[in-house]
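Trainee: Be aware that the sequence shown starts at -15, since it is given in our numbering, and climbs by one per residue.
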Amino acid sequence: MNIREETVKLYLRKDFLELDAPVVMGVLNVTPDSFSDGGNFLGSDSAIRQAEQMVEDGAAIIDVGGESTRPGARQVSADEELDRVMPVIEKIKDEWEVLVSVDTYKERVARTTVLEGGADLVNDISALGFSDNMADTIAKLEVPVILMHIKGTPEDMQKEPFYKDVIRELKQYFQSRIDFALAKGIKKEKIIIDPGIGFGKRLEDNIEIIKKLETFTEFELPIMIGTSRKSFLGSLGGETIPIEREAETITANIISILNGASIIRVHHVKNAVKSINVLKRLVDL
């Protein structure tokens, strides 16, 4: 079984990343309040040690975030976010040949981390919707952007979200945001889509999205999936502590890969890389 009929490439500013086989994005939260690892890597030294471990474990991308977007998280200013992420991004780019993504919806944070810090791509949970001029800036920077689906904002997204048909609504959302990005001058080969597991979704919505992830391959864009340690996995497996949901995370990621995901966003890089390596021996990806 070959679930990828043709090679997918992610075009960077001066190079490209082949996605003919799935790659792993490591989550590096430089925050005090993220749901799984908040506070663990708030200092630059601990964040750099974690980044080094991710590189050794096989991460293709490290996603650095300076503001928690868990349900109910408080917003921080662009200045505070930059103070958290810039030293980490700069050090990673100086030390290792690894791609760095900045996890932000703020235009100034995206612009500064790319131009001054060397970030390679932007991971925007709002799909260019929360910050004025974000789309224009991404087009000018010529970096890839991840367009994620979210219903509402981090403050209110989990307050009784409802869909009549979650797959249909996500498809309509992606078509709208892709059209918007293209109209702003962002090239199609620079776009990645992410269905936003846990961002304004009920348990049944998250399950439906993973089961039918292949539906989104019709956009002919790389798909990123972020299931790592999320609360819906706790509901399915019974684990109340996020760090104890690794087995559930691996299972959800493998199903997502088989259904078309190209980028797997995780906290524990080694587990993800090892599981993908086994999968590649058992299934023709």
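Here a beta-carbon is modelled for each residue, glycine too, at the ideal position from N, C-alpha and C.
Can you give, in chain order, each stretch of the alpha helix (DSSP H) that sits fully within the stretch 197 to 255 and has at least 4 residues?
Mentor: You should have 215 to 221 and 230 to 242.
Trainee: Along the chain, where does the beta strand (DSSP E) that runs through Lys(-7) open and close?
Mentor: Where Lys(-7) is concerned, the enclosing beta strand (DSSP E) stretches over Lys(-7) to Tyr(-5).
Trainee: Check each candidate in Asp140, Thr15 and Leu242 and name the one with the smallest Cα separation from Glu65.
Mentor: If we check each option's Cα against that of Glu65, Thr15 comes out closest.
Trainee: How about Ile272 and Ile194: are their beta carbons less than 8 angstroms apart?
Mentor: In the structure as shown, the chain begins at -15 and stops at 269. Residue 272 is therefore absent and cannot be evaluated.
Trainee: Given 8 angstroms as the limit, is there contact between the stretch 51 to 66 and the stretch 90 to 102, that is, 3 or more CB pairs closer than that?
Mentor: Touching, yes, given that three or more Cβ pairs across the two stretches are closer than 8 angstroms.
Trainee: Can you round the beta-carbon distance between Asn237 and Ile248 to whole angstroms, since I take them to be within the 8 angstroms contact cut?
Mentor: Indeed they touch by this definition, with Cβ atoms about 5 angstroms apart.
Trainee: DSSP puts Leu131 in a beta bridge; with which residues?
Mentor: Asp108 and Ile177.
Trainee: Is Leu263 helix, strand or coil by DSSP?
Mentor: Leu263: helix per DSSP, three-state reduction.
Trainee: Where does Asp149 land, buried or exposed, given buried means 16+ other C-beta within 10 angstroms?
Mentor: Result: exposed.
Trainee: Can you give, in chain order, each stretch of the beta strand (DSSP E) that sits fully within the stretch 42 to 76 and has at least 3 residues?
Mentor: Runs of the beta strand (DSSP E) inside the stretch 42 to 76: 45 to 49.
Trainee: According to DSSP, which residues form a beta bridge with Glu144?
Mentor: DSSP, once it has assigned bridges, lists no residue as partnering Glu144.
Trainee: Nearest CA to the CA of Glu204: which residue from Lys155, Gln34, Ile234 and Gln142?
Mentor: Measuring from the Cα of Glu204, the nearest candidate turns out to be Lys155.
Trainee: Comparing C-alpha positions only, which one of Ser28, His133, Ser219 and Leu263 sits nearest to Asp67?
Mentor: Comparing Cα-Cα distances from Asp67 to each of Ser28, His133, Ser219 and Leu263, the minimum goes to Ser28.
Trainee: Put Asp87 into one of helix, strand or coil per three-state DSSP.
Mentor: Asp87: strand per DSSP, three-state reduction.
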